[in-house]
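Only one structure is covered here, and it is reproduced in the block below.
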Amino acid sequence: MKHWRYLGILSSLGTIVLWLILNFNNPYNSASPSNDVLIRTGAFLLAPAFVAVIGSIIRKRFIMLIAYFWSLPLSVYLAMTPSIFKYL
Numbered sequence: 001m002k003h004w005r006y007l008g009i010l011s012s013l014g015t016i017v018l019w020l021i022l023n024f025n026n027p028y029n030s031a032s033p034s035n036d037v038l039i040r041t042g043a044f045l046l047a048p049a050f051v052a053v054i055g056s057i058i059r060k061r062f063i064m065l066i067a068y069f070w071s072l073p074l075s076v077y078l079a080m081t082p083s084i085f086k087y088l
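Mapping of the sequence shown onto full-length UniProt numbering: position 5 corresponds to residue 5, and the numbering continues sequentially without gaps.
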């Protein structure tokens, strides 16, 4: 079970790194992100990733479940749009 804990921490940290890269060094858009974009994506992708890291470290499944349901609406929306995200 120890391996699953490390996988959860690693995947959450990977999400945080991807959020930083795609918001501040986006290869698809040269414009800097607006505050509105940073707040919305941070609230639905970055914050649940931090909650998931904390839940993995202290081994609380309920916290992991909160992070899952918190990020679910935006994840489903991105999966349903006709963009690169539909192939994930």
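All C-beta atoms, glycine included, are put in the ideal place defined by N, C-alpha and C.
Return the residue from the list the options that minimises the CA-CA distance to residue i.
i	options	result
P48	P73, P27 and P33	P73
L13	S75, G55 and P82	G55
L10	F24, A79 and I57	I57
L7	I39, R59 and T41	R59
W19	F50, I63 and F62	F50
DSSP on residue i, reduced to helix/strand/coil?
i	result
T81	coil
Y6	helix
N26	coil
S71	helix
P48	helix
S56	helix
Use the C-beta contact count for residue i: other C-beta atoms within 10 angstroms, 16 or more gives buried, fewer gives exposed.
i	result
S30	exposed
V76	exposed
A52	buried
A67	buried
Our contact map puts residue i next to residue j with C-beta atoms below 8 Å; I'd like the distance itself, whole angstroms only.
i	j	result
I16	L46	6 Å
N26	L38	N26 to L38, Cβ: 12 Å. No contact.
S83	F44	Not really, about 16 Å apart at Cβ, beyond 8 Å.
Hey, is residue i close to the ligand FMN, as in C-beta under 8 Å from one of its heavy atoms?
i	result
Y68	Among the components modelled here there is no ligand, and therefore nothing to report on the ligand FMN.
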